[in-house]
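Down below is the structure, laid out as structure tokens.
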Amino acid sequence: MIEVRLGDDDRIEWALKAFKRKVLKAGILKDVRKKRHYLKPSEARQLKAAAARRNARSKNRASR
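Anchor point for the sequence shown: position 44 equals 44 in the UniProt record's numbering, and the numbering is continuous, going up by one each time.
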């Protein structure tokens, strides 16, 4: 669980930025997006293979 504690003289804007930073670092939003819809294992493999092909293609272009 993420906590941001405020002192007496701390500003709300600072607390909001700190909260956003902690959420991004913990990867919570990424996990929520990933679990929003069920993905069959076969579909997950296809997406992973497609991403690997894209990465290989871009690395191949960069090495030329």
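Idealized CB from N, CA, C, for every residue including glycine. Given the structure is predicted, the values throughout are model-derived calculations rather than measurements.
| Asked | Found |
| --- | --- |
| What would DSSP say about Glu3, mapped onto helix, strand or coil? | coil |
| Assuming contact is defined by CB atoms lying nearer than 8 Å, are Ala18 and Val4 in contact in what I supplied? | yes |
| Give the secondary structure of Lys22 by DSSP, where H, G and I count as helix, E and B as strand, and everything else as coil. | helix |
| Check this for me: beta carbons of Ile2 and Val23, under 8 Å apart or not? | yes |
| Excluding five sequence neighbours on each side, which residues of the same chain lie with their C-beta closer than 7 Å to the C-beta of Arg53? | none |
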